[in-house]
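Encoded as structure tokens, the structure appears first; notes follow it.
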Amino acid sequence: MQGKKLKIGFDLDGTIIDHTKIKIEAAKKFGYELSKTQTHSLRMKEVMKIEDYKELQKIIYGNQTLESKPVNGSLKSIKNLKNWGHQLFIISRRRSEFQNPALLWLSKNKVLDYIPLEKIKFVKKDEDKN
Numbered sequence: 006m007q008g009k010k011l012k013i014g015f016d017l018d019g020t021i022i023d024h025t026k027i028k029i030e031a032a033k034k035f036g037y038e039l040s041k042t043q044t045h046s047l048r049m050k051e052v053m054k055i056e057d058y059k060e061l062q063k064i065i066y067g068n069q070t071l072e073s074k075p076v077n078g079s080l081k082s083i084k085n086l087k088n089w090g091h092q093l094f095i096i097s098r099r100r101s102e103f104q105n106p107a108l109l110w111l112s113k114n115k116v117l118d119y120i121p122l123e124k125i126k127f128v129k130k131d132e133d134k135n
């Protein structure tokens with residue numbers, strides 16, 4: 006692809022990593038039956054008690070991350086964009102205790118072949134992603 010080379014930033018969870026299945030399974034442990042459409046974080050906060058939601062986050066962003074699948078088409082898109090010469094970044098608001106599972110997932114799924122560690126940024130607030 007010819008043309009202007011872009012700097013493209015990806016969010017990690019829900020954009021590259023699909024936690025849908027693990028969210029549904031983990032929610033059952035707290036007594037919730039979630040559908041796929043209820044697994045978006047904003048929707049889950051409406052359906053679940055906040056303390057249950059926070060505990061569920063510890064499960065899905067911990068070592069269970071390694072069991073998650075890639076979002077459909079995300080890995081192919083990353084590969085194509087990199088091959089077209091664009092600069093790719095990952096910007097995530099993962100807390101420090103959950104960064105290592107994310108990095109292991111990225112390595113396992115060969116994302117680091119296209120987005121090296123120095124192009125992965127973890128921020129404290131959503132506004133910092135900008």
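Residues 6 to 135 (this note's numbering) make up the sequence shown, in order.
Even for Gly, the Cβ is constructed at its ideal location relative to N, Cα and C.
Because the structure is a prediction, the values reported are computed rather than measured.
To the nearest angstrom, how far is it from the Cα of residue i to the Cα of residue j?
| i | j | result |
| --- | --- | --- |
| R98 | G90 | 26 Å |
| I96 | D16 | 5 Å |
| K115 | G19 | 17 Å |
| F94 | N77 | 19 Å |
| L47 | K126 | 23 Å |
| N85 | Y119 | 9 Å |
| L108 | I83 | 16 Å |
| Y37 | V52 | 8 Å |
| I21 | T70 | 12 Å |
| R100 | Q92 | 25 Å |
| D131 | G8 | 31 Å |
Take residue i as the anchor and find which of the options has the nearest alpha-carbon.
| i | options | result |
| --- | --- | --- |
| E30 | I65, G19, E123 and K87 | I65 |
| T42 | E123, N105, H24 and L122 | H24 |
| V128 | I120, K115 and E102 | E102 |
| K26 | E56, P75, I13 and I55 | P75 |
| K12 | D133, L61 and K124 | K124 |
| L1 | L80, K54 and K50 | Residue 1 lies beyond the residue range present for the chain, which begins at 6 and ends at 135; the question has no answer from this structure. |
What does residue i pair with, by DSSP beta-bridge criteria?
| i | result |
| --- | --- |
| S97 | F127 |
| D133 | DSSP lists no partner for D133. |
| Q92 | K12 |
| I22 | D18 and P75 |
Give the range of the beta strand (DSSP E) segment to which residue i is assigned.
| i | result |
| --- | --- |
| K12 | K12 to F15 |
For the alpha helix (DSSP H) holding residue i, just list the boundary residues, first then last.
| i | result |
| --- | --- |
| P121 | Counting along the chain, P121 falls outside any alpha helix (DSSP H), and DSSP gives it neither H nor E. |
Is any heavy atom of the ligand MN found at a distance shorter than 8 Å from the C-beta of residue i?
| i | result |
| --- | --- |
| I83 | As for the ligand MN, it is missing from this structure, which has no ligand bound. |
Continuous alpha helix (DSSP H) assignments of at least 4 residues falling wholly in the segment 24–80: Contiguous alpha helix (DSSP H) elements confined to the segment 24–80 occur at 25–34, 46–52 and 55–66, taking only those with 4 or more residues.
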